[in-house]
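Q:
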Amino acid sequence: MKGKMITSVSLPEAETRLWRNHRREILRFGERYLRIQMRKQVRREVTRQYNRTNGKCVITTTRFATAEYDTFHYVAACLRVSVSSLIYGLIKLWQKPSRRAICRFFTTNYSLAIPKWDPEAGLMDEVLTFFNPTHWDLYNSNA
1 MKGKMITSVS
11 LPEAETRLWR
21 NHRREILRFG
31 ERYLRIQMRK
41 QVRREVTRQY
51 NRTNGKCVIT
61 TTRFATAEYD
71 TFHYVAACLR
81 VSVSSLIYGL
91 IKLWQKPSRR
101 AICRFFTTNY
111 SLAIPKWDPE
121 AGLMDEVLTF
131 FNPTHWDLYN
141 SNA
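Okay, so the sequence shown: first residue is 1 according to our numbering, each after it adds one.
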């Protein structure tokens, strides 16, 4: 399924303005931020963590490409955090001038395989792969 998905995220008030005005630019750093998050251990037997700030949070309607949406939800589910908290962390990363100065971008490939999904059992495999598009020829050398 291609296209855009409309959903909402809850962000601190100041970051809401940044997100609305610079969403596309901020999302360019998404893969880098997710790679940082995936250094953490997968969390189980805990409840989901949400944004915790001193100020007021605002619910903001936003659009994601379906691949972005699936990727953020996959990582959020594995780490037992909200997508909103991932987006808030991404904004914080984007705000750091030293991070923005580094033009090292990655591309992700999210895939889902569902060998069995019925009242008897549910089995699905999600895979998130990162690669540097400047080295695309290395990935396709087997072709």
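Glycine included, C-beta positions come from ideal geometry on N, C-alpha and C.
Computed from a predicted structure; not experimentally measured.
Would you list, in sequence order, the uninterrupted alpha helix (DSSP H) runs of no fewer than 4 residues that lie entirely inside the region 21-90?
A: The region 21-90 contains these whole alpha helix (DSSP H) runs: 30-37 and 66-79.
Q: For P115, does the three-state DSSP call read helix, strand or coil?
A: Looking at P115 - three-state DSSP - the assignment turns out to be strand.
Q: Tell me E126's beta-bridge partners as DSSP assigns them.
A: Its beta-bridge partners are L112.
Q: Select from W94, P119, G122 and Q41 the residue whose C-alpha is nearest the C-alpha of A77.
A: Residue Q41 is the option with its Cα nearest to A77.
Q: Compute the distance between the beta-carbons of S98 and C57, then report whether it is under 8 Å.
A: No, they are not a contact pair.
Q: Tell me which residues share the same chain as I26 and place their Cβ nearer than 7 Å to its Cβ, disregarding the 5 neighbours each side in the sequence.
A: So the qualifying residues of the chain are W19, L90, I91 and W94.
Q: Do Y69 and T7 have their CB atoms nearer than 8 Å?
A: Result yes, Cβ atoms of Y69 and T7 sit closer than 8 Å.
Q: Should E45 be labelled buried (16 or more other beta-carbon atoms within 10 Å of its own) or exposed?
A: By the 10 Å Cβ count, E45 comes out exposed.
Q: Please look up how many angstroms separate the CB atoms of T71 and L112, rounded, as I've assumed it's under 8 Å.
A: Contact flag wrong, Cβ pair sits at about 11 Å.
Q: My guess is that S83 and H73 are in contact by the Cβ rule of under 8 Å, so how many angstroms apart are they, rounded?
A: Correcting the residue type first, residue 83 is Val in the shown sequence and not Ser. Contact holds; Cβ gap of about 6 Å.
Q: Quick check on DSSP: helix, strand or coil for K4?
A: It is a strand residue.
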